[in-house]
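Line by line, the protein sequences give chains B and Y.
With positions in the first sequence counted from 1, the corresponding number in this note's numbering is that position plus 225.
With positions in the second sequence counted from 1, the corresponding number in this note's numbering is that position plus 225.
Quick reminder that beta carbons are idealized off the backbone N, C-alpha and C, glycines included.
Computed from a prediction, not measured in an experiment: that's the story for all the values here.
Protein chains: 2
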Amino acid sequence: MVNGSFDDRKPCKAGLQELLPEKNKYILHAPDGVIKEEKMGYTVPAGISNKHLHVSEADFKALFGADAEMSRFKDLSQPGQFATDEKVDIVGPNGTLKGVRILGPYRKQTQVELSRTDCFAIGVKIDLRESGKLAGTPGCKLVGPAGEVVLEEGVMVAKRHIHLSTAQAEEAGVKDGDIVSVKFGGDRALIFDEVLVRAGDTHERDMHLDTDEANAASLSNGQEGEIIK
Amino acid sequence: MVNGSFDDRKPCKAGLQELLPEKNKYILHAPDGVIKEEKMGYTVPAGISNKHLHVSEADFKALFGADAEMSRFKDLSQPGQFATDEKVDIVGPNGTLKGVRILGPYRKQTQVELSRTDCFAIGVKIDLRESGKLAGTPGCKLVGPAGEVVLEEGVMVAKRHIHLSTAQAEEAGVKDGDIVSVKFGGDRALIFDEVLVRAGDTHERDMHLDTDEANAASLSNGQEGEIIK
């Protein structure tokens, strides 16, 4: 990377070209060809969430049958959270999202997390929320192999946020509830403002972004962004 | 807005709460409840592009018939550009985007502009480009009412950019080819870096963003963003 031809590179504000988070450094290519390194701040990896839902046990049984159990597909970044093999269709006023994956474990209330693109596609009102704060959100219909569930509320677009353990938050110099910015490099470089910090012992270093946000920044899963306070 | 309850507002980095571009001012609500105004820099309105295509005259005739003519649906922000009534299906290796609108007038080469979300949906390789620079981009199949066209190349994701007339660029203090950043407020506030400036007498003040970028920032058409150099 550092040995690549400078002339082939695109013009870039402030000369920033590469991010080497594994070394906690930027590589800066100045217009005069000088290459120098600069220390980065604390970074978090992008964790890109496609549309998904969390379900109550009662809703799961209604969708998959009274004797059905969640089947673990893979573990997720947050301790105890996992993707299941189970999928349902989400039906809105203007369309259906087919085969949307359920995440476990069970929650008290079923919560459907869509991108704004998804909301437009099926005609559901866009409601940006923190996880779990569902009062007043729009509803939808869920269709599973064993039955249907009509939700009066529970469809949300997730407010972007960072998960950090207590020790990680201390290292980053932030605390639970803080609002920070996070900078990502690349061909669609941008700085996300209004990023909520969720810190505590049940959390692990990860930045929750939906597919719209990841696509707007040309992000891949695991790409590191720098916290800017 | 200014008279709304401060306590109901969400926490917000640096206390920035409202953007009043028509007055060229921010309204700042400080944590101690003090409200003050601050002058903004030069702003540009968001112009959100859904998936669309520009077509050559030969491809248009192949899709709609030898005697067909473009039918003007509405004018666009850039002088001489317009949306047509004509729509085609775009077919990729893994799916089809139905009813995608053609923009006029004719171009030398057919150019299909998709979001990254669209590219994932139909399985086309993502290739971020400036308009018109199509060498090496992926192809697709177009299906119209009178025939089909197989494109060897021409499918791109548009690099975000600003259009400014010569006078507007002078007022903003930028020139054609510059790379700037643009800041948008709101509940998904962010700063887009790597924004290309396209300035000249055939351009008019507008910022080209695709639906992924607009959704990542909770933008509506016409919302003003501030140029940061």
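Excluding five sequence neighbours on each side, which residues of the same chain lie with their C-beta closer than 7 Å to the C-beta of isoleucine 351(Y)?
Arg341, Cys344, Val382
Rounded to the nearest angstrom, what separates lysine 323(Y) and arginine 430(Y) at their Cα positions?
31 Å
When DSSP labels each residue in this structure, what does isoleucine 347(Y) get in the three-state scheme?
helix
Taking 7 Å as the cut-off, decide whether the C-beta atoms of histidine 433(Y) and glycine 272(Y) are in contact.
yes
Pull up the CB-CB distance for isoleucine 327(B) and valine 313(B), whole angstroms please, since I reckon it's below 8 Å.
7 Å
For the pair the segment 444 to 454 of chain B and the segment 402 to 415 of chain B, tell me if three or more CB-CB distances fall below 8 Å.
yes
Span of the alpha helix (DSSP H), counted from its first residue to its last, around glutamate 438(B)
436 to 441
Beta-carbon within less than 7 Å of alanine 439(Y)'s beta-carbon, same chain only, minus the 5 sequence neighbours each way: which residues are those?
Ala271, Ile273
Tell me the residue span of the alpha helix (DSSP H) that contains glutamate 377(Y).
Segment: none, glutamate 377(Y) is in no alpha helix (DSSP H) and carries neither H nor E.
Can you tell which of Lys276(B), His428(B), Leu444(B) has its C-alpha closest to the C-alpha of serine 302(B)?
His428(B)
Looking at the strands, I want to know which residues DSSP matches up with glycine 317(B).
Gly320(B)
Considering only their Cβ atoms, is the gap separating aspartate 292(B) from alanine 414(Y) smaller than 7 Å?
no
Are glutamate 378(Y) and leucine 353(Y) closer than 7 Å when you measure CB to CB?
no
Quick one: grab the DSSP three-state call for lysine 408(B).
strand
Since aspartate 435(Y) contacts valine 422(Y) with CB under 8 Å, what's their CB separation in whole angstroms?
18 Å between Cβ atoms; not a contact.
Return the CA-CA distance between valine 368(B) and glutamine 448(Y), expressed in angstroms with no decimal places.
37 Å
Interface residues of the segment 342 to 372 of chain Y facing chain B [CB-CB below 7 Å]
Thr342, Leu353
Where glutamine 242(B) sits in the DSSP three-state scheme:
With a pLDDT of 44 at glutamine 242(B), under the threshold of 50, the modelled position of that residue is not reliable, and the figure given next carries that caveat. Glutamine 242(B): strand per DSSP, three-state reduction.
State the CB to CB distance for the pair leucine 288(B) and glycine 364(B), rounded to an integer number of angstroms; the pair is presumed to be in contact (CB under 8 Å).
About 15 Å separates the two Cβ atoms, so there is no contact after all.
In whole angstroms, what separates the C-alpha of threonine 268(Y) from that of arginine 385(Y)?
15 Å
At least one CB of chain Y closer than 7 Å to the CB of asparagine 440(B): is that the case?
yes
Quick one: list the residues of chain Y neighbouring isoleucine 416(B), beta-carbon separation under 9 Å, in chain order.
Ser406, Lys408, Leu415, Ile416, Phe417, Asp418
Give me the Cα-Cα distance between serine 443(Y) and histidine 279(Y), rounded to the nearest whole angstrom.
27 Å
If we define contact as Cβ-Cβ less than 7 Å, is aspartate 412(Y) a contact residue for chain B?
yes
How should glutamate 311(B) be labelled, buried or exposed, when 16 other C-beta atoms within 10 angstroms of its C-beta is the threshold for buried?
buried
Just to make sure I have the definition right: I need the residues of chain Y whose C-beta is within less than 9 Å of the C-beta of leucine 401(B). Which are they?
With the sequence shown as reference, residue 401(B) is identified as aspartate, and leucine is not the correct amino acid for it. By Cβ distance, chain Y contributes nothing, its closest Cβ being about 12 Å from aspartate 401(B), past 9 Å.
Going by Cα to Cα distance, which pick from Asn446(B), Ala441(B), Asp437(B), Ser445(B) is closest to lysine 276(B)?
Asp437(B)
Residue-chain proximity (aspartate 437(Y), chain B), Cβ-Cβ < 7 Å:
yes
Residues of chain B with CB under 7 Å from serine 340(Y), in chain order?
Asn440
Within 10 angstroms of its Cβ, does glycine 317(B) collect 16 or more other Cβ (buried), or is it exposed?
buried
Could you check where the beta strand (DSSP E) with glutamate 451(Y) kicks off and where it finishes?
449 to 453
Quick check on this structure: which residue in Ile416(Y), Phe409(Y), Lys286(Y), Gly411(Y) has the alpha carbon closest to the alpha carbon of phenylalanine 474(B)?
Residue 474(B) lies beyond the stretch modelled for chain B, which goes from 226 to 454, so this question has no answer here.
Which residue wins for smallest C-alpha separation from glycine 411(B), given the options Ile347(B), Val420(B), Phe307(B), Ala441(B)?
Ala441(B)
Identity of the residues DSSP links to arginine 341(B) by a beta bridge:
Looking at the DSSP assignment, arginine 341(B) forms no beta bridge with any residue, so it has no partner.
Rounded Cβ spacing between valine 380(B) and leucine 339(B) (contact assumed at less than 8 Å)
6 Å
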